[in-house]
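Asks:
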Amino acid sequence: MSAVDATLRLVLGDQLSDTLSSLGDIDLARDVVLMAEVMDEATYVAHHKQKFVLVFSAMRQFAERLRSRGVDVRYVRLGDPRAAASLNGEVLRALEAGAFSRVVVTEPGEWRLAAAFEDLAHIAPVPIEVRPDTRFICSRARFEAWAEGRAEWRMEFFYREMRRLTGLLMENGKPVGGRWNFDPENRKRPPKTLLPPPRTSIEPNRATRDALIEMAARFPDNFGALERFGYPTNREEAETVLADFLEHGLPLFGDYQDFMRAGEPFMWHGHISAAMNLGLLDPLQVCRRAEAEWRAGRAPLNAVEGFIRQIIGWREYVRGIYWLRGPDYKRLNALGADRALPWFYWSGETDMACVADVVATTRDHAYAHHIQRLMVTGQFAMLLGVHPDAINDWYMVVYADAYEWVELPNTHGMATFADGGIVGSKPYAASGAYINRMSDYCAGCGYDVKDRLGARACPFNALYWDFLIRHEALLARNPRMAMPYRGLGAMSAAERDAIVAKADATRTAFGATVRSP
Numbered sequence: 001m002s003a004v005d006a007t008l009r010l011v012l013g014d015q016l017s018d019t020l021s022s023l024g025d026i027d028l029a030r031d032v033v034l035m036a037e038v039m040d041e042a043t044y045v046a047h048h049k050q051k052f053v054l055v056f057s058a059m060r061q062f063a064e065r066l067r068s069r070g071v072d073v074r075y076v077r078l079g080d081p082r083a084a085a086s087l088n089g090e091v092l093r094a095l096e097a098g099a100f101s102r103v104v105v106t107e108p109g110e111w112r113l114a115a116a117f118e119d120l121a122h123i124a125p126v127p128i129e130v131r132p133d134t135r136f137i138c139s140r141a142r143f144e145a146w147a148e149g150r151a152e153w154r155m156e157f158f159y160r161e162m163r164r165l166t167g168l169l170m171e172n173g174k175p176v177g178g179r180w181n182f183d184p185e186n187r188k189r190p191p192k193t194l195l196p197p198p199r200t201s202i203e204p205n206r207a208t209r210d211a212l213i214e215m216a217a218r219f220p221d222n223f224g225a226l227e228r229f230g231y232p233t234n235r236e237e238a239e240t241v242l243a244d245f246l247e248h249g250l251p252l253f254g255d256y257q258d259f260m261r262a263g264e265p266f267m268w269h270g271h272i273s274a275a276m277n278l279g280l281l282d283p284l285q286v287c288r289r290a291e292a293e294w295r296a297g298r299a300p301l302n303a304v305e306g307f308i309r310q311i312i313g314w315r316e317y318v319r320g321i322y323w324l325r326g327p328d329y330k331r332l333n334a335l336g337a338d339r340a341l342p343w344f345y346w347s348g349e350t351d352m353a354c355v356a357d358v359v360a361t362t363r364d365h366a367y368a369h370h371i372q373r374l375m376v377t378g379q380f381a382m383l384l385g386v387h388p389d390a391i392n393d394w395y396m397v398v399y400a401d402a403y404e405w406v407e408l409p410n411t412h413g414m415a416t417f418a419d420g421g422i423v424g425s426k427p428y429a430a431s432g433a434y435i436n437r438m439s440d441y442c443a444g445c446g447y448d449v450k451d452r453l454g455a456r457a458c459p460f461n462a463l464y465w466d467f468l469i470r471h472e473a474l475l476a477r478n479p480r481m482a483m484p485y486r487g488l489g490a491m492s493a494a495e496r497d498a499i500v501a502k503a504d505a506t507r508t509a510f511g512a513t514v515r516s517p
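In this note's numbering, the protein residues as written are 1 to 517.
1) Would you mind working out which of Glu96, Ile311, Glu404 and Thr134 sits nearest Glu291, comparing C-alpha positions?
2) In chain order, which continuous runs of the beta strand (DSSP E) of length 3 or greater are located wholly inside the stretch 339-417?
3) For the stretch 387-407 against the stretch 294-307, do three or more pairs of beta-carbon atoms, one drawn from each stretch, fall closer than 8 Å, so that the two count as touching?
4) Alpha carbon to alpha carbon, how far is Lys426 from Gly336?
5) For the beta strand (DSSP E) containing Tyr434, name the first residue and the last one.
6) Given a cut-off of 8 Å on the beta-carbon distance, is the pair Ala518 and Ala360 in contact?
7) For my contact list, Ala114 and Pro108 are in at a C-beta cut-off of 8 Å; report their separation, rounded to the angstrom.
8) Got a sec? Which residues, its chain only, sit under 6 Å from Glu264 by beta carbon, not counting five neighbours each side?
9) CA-CA distance, Met1 and Tyr44?
10) Quick check: the stretch 456-464 against the stretch 403-419, are there 3 or more CB pairs under 8 Å?
11) Under 8 Å: do the stretch 311-329 and the stretch 123-142 share three or more Cβ pairs, one atom per stretch?
12) Less than 8 Å between the CB atoms is what I'm expecting for Leu16 and Val105, so what's the real figure, rounded?
13) Pick helix, strand or coil for Leu468, following the three-state DSSP scheme.
14) Using the three-state DSSP reduction, which class does Met602 fall into: helix, strand or coil?
15) So which of Gly511, Arg179 and Cys445 has the shortest CA-CA distance to Ala262?
16) Since Met267 contacts Tyr441 with CB under 8 Å, what's their CB separation in whole angstroms?
17) Please identify the residue among Leu212, Gly89, Phe344 and Glu407 whose C-alpha is closest to the C-alpha of Phe380.
18) Which term fits Ser431, buried or exposed, when burial requires 16 or more other beta carbons within 10 angstroms of its beta carbon?
19) Leaving out five residues on either side along the sequence, give the residues of the same chain with a beta carbon under 8 Å from the beta carbon of Arg289.
20) Taking only three categories from DSSP, how would you classify Met215?
21) Please determine, among Val55, Glu156 and Asp338, the residue with the shortest C-alpha to C-alpha distance to Gly230.
22) Does Asp14 pass the burial test, meaning 16 or more other C-beta atoms within 10 Å, or should it be called exposed?
23) How should Gln285 be labelled, buried or exposed, when 16 other C-beta atoms within 10 angstroms of its C-beta is the threshold for buried?
24) Identify, in the order they occur along the chain, each residue of the same chain with its Cβ nearer than 8 Å to the Cβ of Ala3, setting aside the five sequence neighbours on each side.
25) Is the stretch 141-158 in contact with the stretch 317-329, if contact means three or more CB pairs nearer than 8 Å?
26) Hey, could you find the ends of the alpha helix (DSSP H) Glu247 is sitting in?
27) When the Cα of Val514 is compared with those of Asp364, Arg470, Ala340 and Arg496, which residue comes out closest?
28) What three-state label does DSSP hand Leu226 in the structure shown?
29) Could you tell me the distance, in whole angstroms, from the CA atom of Ala46 to the CA atom of Glu349?
30) Helix, strand or coil for Tyr159? Go by DSSP, reduced to three states.
31) When you compare only the Cα positions, how much space is there between Gly378 and Ala457?
32) Measuring alpha carbon to alpha carbon, tell me which residue in Arg295, Phe307, Leu468 and Cys287 is nearest His269.
33) Quick one, which of Leu468, Pro184, Glu90 and Ile123 has its alpha-carbon nearest Arg518's?
34) When the Cα atoms are used, what is the spatial distance from Phe117 to Val130?
35) Hey, does Thr411 have any beta-carbon neighbour from chain B nearer than 8 Å?
36) If you compare alpha carbons, which of Thr233, Leu252 and Ala503 is closest to Arg65?
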């Protein structure tokens, strides 16, 4: 074997896993691993400042982890005057610098990079081998086979398939406890005296401290604060956060996972999605450790089932939808939404206590839990009629765990119903009563959650009924929308007119103006 048989192995910034398929057959004597911080990836959206720190610190530490195992790593830092602007440019530069017979990469998580690597294959002087990402439980091919011939692609049925495949929470081919889903038990309101457990915040290590200084200087105008950065940036730190959650958060996670409390960003949630999406934690192993907590009697079944469902059910499902539907999915706008995103999504300057708290949490932690994203910022954008591009872009910018494969189906499908029902069987639309039931926000809000039309009426209320009025032709036949449409049917024409006028005034006051074509 000659030197020209060496392989250049490209590792992307969200592929920081020891088990990565592109590294599986590495020849330590000949091969080179390329990792690159490039401006195209840093700026394709205006990422939260903490996202920069998290990804670049984690990449640099993973490179050192590989080097400690004898791997030859070619690492390119952002700002290197010799660096190319794109990953493709860095691959071509590396090929010019060394004698390689091929390039190997694990399939990327986003369409734009898949297209970029297809372009690279046409111009590179050596073959480009793209390998499946085996870190996911369900391959893209398996998801396509599951979806083929189905009239609807509902997550619940996919989830059952994943339970059977993995054996998680299964006994003799049946779900433990006699049920697949314990979600009805996971919507409780915690007593006021019950506080969420203190959670481990990782003290920045040297690589992270350096990244904090560098990114603050390089991206000073990007959204977000850096003072409360506490993300794990290597496998050992991620394991610490996971162990803390399994011991202190998981036992009550099921009961209170849907509840929101002002000033409490994490509640009983795992806060491990960013680490999983980077590759620092293996999703299946995370689920097996949660299952072990139930089998040992340290966590109840409803908590463990709900947690596992979010990973092998929802996480795997949205990735499958993303790749199955392709780039045209993002262009769907089933509700004809055409409004601008209000500025308070960035500033947090609003009298709406729920929105102000979620935006503040997002700014300070690059995080908000799933009900805050779905039923506060996502739902409110849908009720306002915000154009899908505007709210999708916001979610991609502000969260540390945001990659398009996971964020787009969640936002476009679940939160805003822009896909017309591909992901969700109905819009997640609700009045202020839902926020009041599932949070403590309303007690300290400048608006009255019980008022619909007054000067200080909760904005969710008129906007909710106006949403039903505007989309009656599309939604009234949906059996899951029967109850609210019965309520709408009982209203007089004068009441409906007043609701529409109030909703229009609210949009104007909040700056949710019609966007230019």
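For each residue, glycine too, the CB sits at the ideal point set by N, CA and C.
Replies: Judging by the given coordinates:
1) Ile311
2) none
3) no
4) 16 Å
5) Element bounds for Tyr434: not the beta strand (DSSP E) but the alpha helix (DSSP H), Gly432 to Arg437.
6) Here the chain covers residues 1 to 517 and nothing more, so residue 518 does not appear.
7) 6 Å
8) Pro196
9) Low local confidence applies: a pLDDT of 37 at Met1 is under 50, so the model's placement there is unreliable, and no value is given.
10) no
11) yes
12) At roughly 14 Å, the Cβ-Cβ gap does not stay under 8 Å, so Leu16 and Val105 are not in contact.
13) helix
14) Lying before the first or after the last residue shown, residue 602 is absent from the chain, which here runs from 1 to 517.
15) Cys445
16) Incorrect: roughly 13 Å between the Cβ atoms, too far for contact.
17) Phe344
18) buried
19) Leu242 and Leu246
20) helix
21) Val55
22) buried
23) exposed
24) Residue placement at Ala3 is flagged as unreliable, the pLDDT there being 48, under the threshold of 50; a coordinate-derived value is accordingly withheld.
25) yes
26) Per DSSP, Glu247 belongs to no alpha helix (DSSP H) and is neither H nor E.
27) Ala340
28) coil
29) 21 Å
30) helix
31) 20 Å
32) Phe307
33) Beyond the ends of the chain as shown, which are 1 and 517, falls residue 518; an answer cannot be given.
34) 8 Å
35) In the structure shown, chain B does not exist; there is a single protein chain.
36) Thr233
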